[in-house]
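Residue numbers for the sequence shown follow our numbering, beginning at 510 and rising by one. Here a beta-carbon is modelled for each residue, glycine too, at the ideal position from N, C-alpha and C. Predicted model only: the values in this text are computed from it and were never measured.
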Amino acid sequence: MNATKRTVLIVGGGIIGLTSAFRLARAGHGVTLVDPAVAQGATRAAAGMLAPSAEIAPGEESNYRLQRGALEAWKRLGDELAVVTGGHLDIHETGTLVVGWDASDRRLIEQFAGVAESFDAPFERVTRSTSPELFEGVSDRIHDGLVMADDAWLDPDQAVSMLRRALDELGVTIVSESVLRIDADASGVVGETANARLGASSGILATGSAALPLGALPTGEHTVRPVRGVTARVQGIDRSSLPVVRAFVRGRAFYMVSRPGGYCVLGATSDERSELAVEVGELQRLLRDALDIVPSLETASVLETRCGLRPASDDLRPFFEQLQPTGWAWSSGHYRHGVTLAPLAALDALTFVERSA
Ligand SMILES: Cc1cc2nc3c(=O)[nH]c(=O)nc-3n(C[C@H](O)[C@H](O)[C@H](O)COP(=O)(O)OP(=O)(O)OC[C@H]3O[C@@H](n4cnc5c(N)ncnc54)[C@H](O)[C@@H]3O)c2cc1C
């Protein structure tokens, strides 16, 4: 228990708000989390890859280094969740197999390998003839690829459910409303909903890609825009003990995270708009890419689609910004990596609250 116990208002209960609430409540602070639809934003659409290496992109070296620390942070968080809930968070350290569909996709893989090399990211070149098991279920026309052995994944639904149970155990209050306006007065921060005026010593906006509540005055250093993504969930093949499959297909990025029992997450589209309806055309393209890379999905059953808005900052890096009114901070910009980075965002929240004491 921390010597100076604080009260904290967390606005937004996606993976960032939930892990921050857990970290703060576990440190002994009194937490109220406000969200009309906990974990129904980007977090619900996420595949749950903790994949710093497979997510490597030109110009994003600092993002890569940040994510490298996140897997260990998730393992520690999982241990703590086990202590509080008695449950077990499954973190699957399967690595990632990265492949290309046609000649130009294979050139993209070579460019990707070049960037990985320049970041000093570990990877291995593999072929179907030397490691046939890695290519199980993958199209016969794909003969080689890269394995990024350090990557892992978890099931975000399981993580959310354990976090919610833990918050319950730790006495966190959850208010199922939107915060419409924020403020501060002599006794601390204030968040106003349609029905309540909620007070605390510190406040954190973990609102993902949503517009900030009225009264929030960021410094202007950061902005956030939504980058929409769709995943399809199918009951298909069980490759859960093998690396996650990622591919370039006709220049598009595709992945399949296969969970034990054959539940597969196929993803993901990426475009800069905020409609949540899933369009027939984009679903058709996603499923066609899936069938090209993993033909045995032909007879899989479609379970559902999920659409979410990734919170992207100008430089595609996450940020934790203190803003006005005094006592408030804004934790966002986690873009494609919010599940991965959540335990680190939670530590930022803890540092902010304890330094404000
Ligand atoms: C298709 C897709 C696949 C992805 N796959 C991965 C992956 O494999 N690995 C990975 O690391 N990341 C992945 N991501 C990225 C990750 O999902 C996001 O970075 C992460 O979910 C962001 O979390 P968040 O809590 O900031 O936002 P969100 O999950 O969007 O949560 C924000 C919450 O704030 C609430 N809120 C907003 N405004 C208010 C208000 N005024 N008052 C109260 N509540 C409010 C919303 O209701 C929502 O619940 C993926 C994203 C998408 C879309």
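Put residue i into one of helix, strand or coil per three-state DSSP.
i, result
"residue 534", "helix"
"residue 672", "helix"
"residue 552", "helix"
"residue 611", "coil"
"residue 584", "helix"
"residue 861", "helix"
"residue 768", "coil"
"residue 732", "coil"
"residue 763", "strand"
"residue 702", "coil"
"residue 851", "helix"
"residue 780", "strand"
"residue 591", "helix"
"residue 528", "helix"
"residue 691", "strand"
"residue 742", "strand"
"residue 726", "strand"
"residue 840", "strand"
"residue 661", "strand"
"residue 737", "strand"
For residue i, is the beta carbon positioned less than 7 angstroms from some heavy atom of ligand 1?
i, result
"residue 787", "no"
"residue 846", "yes"
"residue 755", "no"
"residue 525", "yes"
"residue 687", "yes"
"residue 727", "no"
"residue 543", "yes"
"residue 734", "no"
"residue 558", "yes"
"residue 513", "no"
"residue 705", "no"
"residue 520", "yes"
"residue 841", "yes"
"residue 767", "no"
"residue 819", "yes"
"residue 822", "no"
"residue 722", "yes"
"residue 783", "no"
"residue 718", "yes"
"residue 549", "yes"
"residue 539", "no"
"residue 739", "yes"
"residue 776", "yes"
Just curious, the alpha helix (DSSP H) that residue i is in, first and last residue?
i, result
"residue 844", "Where residue 844 is concerned, there is no enclosing alpha helix (DSSP H), given that its DSSP letter is neither H nor E."
"residue 571", "570-577"
"residue 799", "789-802"
Between the alpha carbons of residue i and residue j, how many angstroms are there, rounded?
i, j, result
"residue 662", "residue 546", "24 angstroms"
"residue 753", "residue 605", "5 angstroms"
"residue 682", "residue 782", "33 angstroms"
"residue 648", "residue 583", "33 angstroms"
"residue 840", "residue 638", "47 angstroms"
"residue 755", "residue 864", "41 angstroms"
"residue 624", "residue 630", "9 angstroms"
"residue 785", "residue 848", "20 angstroms"
"residue 552", "residue 651", "32 angstroms"
"residue 600", "residue 587", "8 angstroms"
"residue 510", "residue 828", "Any reading at residue 510 is ruled out, since the residue's pLDDT is 44, under 50, leaving its predicted position unreliable."
"residue 642", "residue 667", "28 angstroms"
"residue 764", "residue 513", "46 angstroms"
"residue 660", "residue 695", "47 angstroms"
"residue 573", "residue 846", "10 angstroms"
"residue 735", "residue 585", "30 angstroms"
"residue 608", "residue 853", "30 angstroms"
"residue 680", "residue 543", "14 angstroms"
"residue 816", "residue 656", "28 angstroms"
"residue 832", "residue 821", "18 angstroms"
"residue 704", "residue 720", "20 angstroms"
"residue 550", "residue 664", "15 angstroms"
"residue 858", "residue 570", "24 angstroms"
Rounded C-beta distance between residue i and residue j? I'm assuming under 8 angstroms.
i, j, result
"residue 739", "residue 800", "With a Cβ gap of about 16 angstroms, residue 739 and residue 800 do not count as contacting."
"residue 590", "residue 580", "Between residue 580 and residue 590 the Cβ distance is about 15 angstroms, and since that is not below 8 angstroms, they are no contact."
"residue 517", "residue 711", "5 angstroms"
"residue 645", "residue 768", "At roughly 15 angstroms, the Cβ-Cβ gap does not stay under 8 angstroms, so residue 645 and residue 768 are not in contact."
"residue 499", "residue 851", "The chain is shown only over 510 to 866; residue 499 falls outside these bounds and no answer can be derived."
Taking residue i as part of the beta strand (DSSP E), name the residues at either end of that continuous run.
i, result
"residue 810", "810-822"
"residue 543", "539-543"
"residue 516", "516-520"
"residue 711", "711-714"
"residue 654", "653-657"
"residue 829", "828-832"
"residue 682", "682-684"
"residue 756", "753-758"
"residue 635", "633-636"
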